[in-house]
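*Asks:*
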Amino acid sequence: MNILLRNAEESDYELLLPLFREVHEFHVSVRPDLYKENATPVEQEFFESQLLDSKQHIFVAAINNEIVGVAVTKEEEITENTFVKERKVLFIKSVCVAETQRKKGVGKKLINYVFDFGRSLKVDSIDLGVSEENTSAIEFYKSIGMTTKSRKMEMILNKRV
Numbered sequence: 001m002n003i004l005l006r007n008a009e010e011s012d013y014e015l016l017l018p019l020f021r022e023v024h025e026f027h028v029s030v031r032p033d034l035y036k037e038n039a040t041p042v043e044q045e046f047f048e049s050q051l052l053d054s055k056q057h058i059f060v061a062a063i064n065n066e067i068v069g070v071a072v073t074k075e076e077e078i079t080e081n082t083f084v085k086e087r088k089v090l091f092i093k094s095v096c097v098a099e100t101q102r103k104k105g106v107g108k109k110l111i112n113y114v115f116d117f118g119r120s121l122k123v124d125s126i127d128l129g130v131s132e133e134n135t136s137a138i139e140f141y142k143s144i145g146m147t148t149k150s151r152k153m154e155m156i157l158n159k160r161v
């Protein structure tokens, strides 16, 4: 299987919407108190603004001209202060492989592409957030060598649905 990896383009928006929906629908299903149902979780204008932002990078994985994966990243510089050291981080804001293409090497190739990109930027680390309920994603990230850095916890006082 030949997987082509490249930068996203404006013309990819409609082809990426199903992947953005997959990610969003998962979050709505596990946390309806936080996430709203929305058939267009990423507006075209926002997508285009990301493409224009020199610190944001969207990469797509395609097989036979069909987009089957996406990774949305953002460069951030942490300023040194009395508490933390200065560092440069590439955050993976979102990643999705089409459900029909999972466990076929697409995700691994896409993430390794992001890792190589991060190395080219000379970032200190690549970070991402993942829902505790997304056990398959957690196992995937562990399988490619990522480790847990921290954990967010909460006490819900007013459950909304």
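So for the sequence shown, the UniProt record's numbering puts the first residue at 1; every next one is plus one. A virtual CB, placed ideally from N, CA and C, is assigned to each residue, including glycine. Predicted model, so just to flag it, every value in this text is computed and none were measured.
Looking at the structure shown, is residue 34 part of a helix, part of a strand, or coil, going by DSSP?
*Replies:* Coil.
*Asks:* Of all the options 50, 39, 128, which has the alpha carbon lying nearest to the alpha carbon of residue 22?
*Replies:* If we check each option's Cα against that of residue 22, 39 comes out closest.
*Asks:* DSSP state of residue 98, grouped into three classes?
*Replies:* It is coil, neither helix nor strand.
*Asks:* Among residues of its own chain, excluding the 5 on either side of residue 134, which ones have a beta-carbon nearer than 8 Å to its beta-carbon?
*Replies:* 26, 30.
*Asks:* Can you find the residues in the same chain that come closer than 7 Å, C-beta to C-beta, to residue 138, ignoring five residues on each side of it along the sequence?
*Replies:* Answer for residue 138: 130, listed in chain order.
*Asks:* Where does residue 41 land, buried or exposed, given buried means 16+ other C-beta within 10 angstroms?
*Replies:* The residue is buried, with at least 16 neighbouring Cβ atoms inside 10 Å.
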